[in-house]
Amino acid sequence: MVTTTYQVQGMTCGHCVSAVSGQVGALSGVTDVTVDLPAGRVTVTSEQPLDENAVRAAVDEAGYELLGA
Numbered sequence: 001m002v003t004t005t006y007q008v009q010g011m012t013c014g015h016c017v018s019a020v021s022g023q024v025g026a027l028s029g030v031t032d033v034t035v036d037l038p039a040g041r042v043t044v045t046s047e048q049p050l051d052e053n054a055v056r057a058a059v060d061e062a063g064y065e066l067l068g069a
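According to full-length UniProt numbering, the sequence shown is numbered sequentially starting from 1.
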């Protein structure tokens, strides 16, 4: 398993957490998504390292901005 933490901008509420968790969690190989709302961090556990562009697209689809890992 691989765990990576990403910085995400724009999350402000529980709905934000659900949206990001749902989109990132749908990526192939993802086994867990944990969002730290106050810190703006999303920690993703996956079977293999994820393509950062795929994570960026998922966060974008949820309506937020991935600042990087």
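Note that beta-carbon positions come from the ideal geometry of N, C-alpha and C, so glycine has one too.
Residue i - containing beta strand (DSSP E), residue span
| i | result |
| --- | --- |
| Q9 | 2–9 |
| S46 | 41–46 |
| G29 | Counting along the chain, G29 falls outside any beta strand (DSSP E), and DSSP gives it neither H nor E. |
Bounding residues of the alpha helix (DSSP H) (the contiguous stretch that carries residue i)
| i | result |
| --- | --- |
| D60 | 52–62 |
| G22 | 14–25 |
Backbone CA spacing between residue i and residue j [nearest angstrom]
| i | j | result |
| --- | --- | --- |
| A26 | T45 | 12 Å |
| N53 | V42 | 15 Å |
| P38 | V20 | 14 Å |
| E47 | T4 | 11 Å |
Buried/exposed call for residue i, threshold 16 Cβ in 10 Å
| i | result |
| --- | --- |
| residue 76 | Coverage of the chain is limited to positions 1 through 69, which leaves residue 76 absent and any answer about it impossible. |
| M1 | exposed |
Simplified DSSP assignment, three categories, for residue i
| i | result |
| --- | --- |
| L66 | strand |
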